[in-house]
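Please read the structure below before turning to the comments.
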Amino acid sequence: MGESVYKVIELVGTSSESWEKAAAAAVERAGEHLRELRIAEVAELDMQIADGKVSTYRAKVKVSFKYEDDH
Numbered sequence: 004m005g006e007s008v009y010k011v012i013e014l015v016g017t018s019s020e021s022w023e024k025a026a027a028a029a030v031e032r033a034g035e036h037l038r039e040l041r042i043a044e045v046a047e048l049d050m051q052i053a054d055g056k057v058s059t060y061r062a063k064v065k066v067s068f069k070y071e072d073d074h
């Protein structure tokens, strides 16, 4: 079996409902534009606050996918 190389990018997903939905939004969007997604790692969680209440959950996600040359 040959060697493989993977690229890692960082995305931020948002949701008004939960961190899980924010992370899932980032992965699902990446899946629309990238092939062969492999691993998603939640790197950071935070929230936006408005009027003393949580308005938006944010999840910073590192997503890896197989790197392929165009050659």
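Using this note's numbering, read the sequence shown as starting at 4 and increasing by one per residue. Here a beta-carbon is modelled for each residue, glycine too, at the ideal position from N, C-alpha and C. These numbers were taken from a predicted model, which means no experiment stands behind them.
Expected contact under 8 Å - CB spacing of residue i and residue j to nearest Å
i	j	result
residue 127	residue 25	Residue 127 lies beyond the range of the chain shown here (4 to 74); nothing can be said about it.
residue 48	residue 62	6 Å
Separation of residue j from residue i, as counted between CA atoms
i	j	result
residue 7	residue 27	26 Å
residue 21	residue 56	13 Å
residue 37	residue 13	13 Å
residue 70	residue 23	27 Å
residue 19	residue 5	43 Å
residue 52	residue 17	13 Å
Within 9 Å, strictly: CB atoms of residue i and residue j
i	j	result
residue 46	residue 30	no
residue 15	residue 66	no
Secondary structure of residue i, DSSP reduced to three states
i	result
residue 35	helix
residue 30	helix
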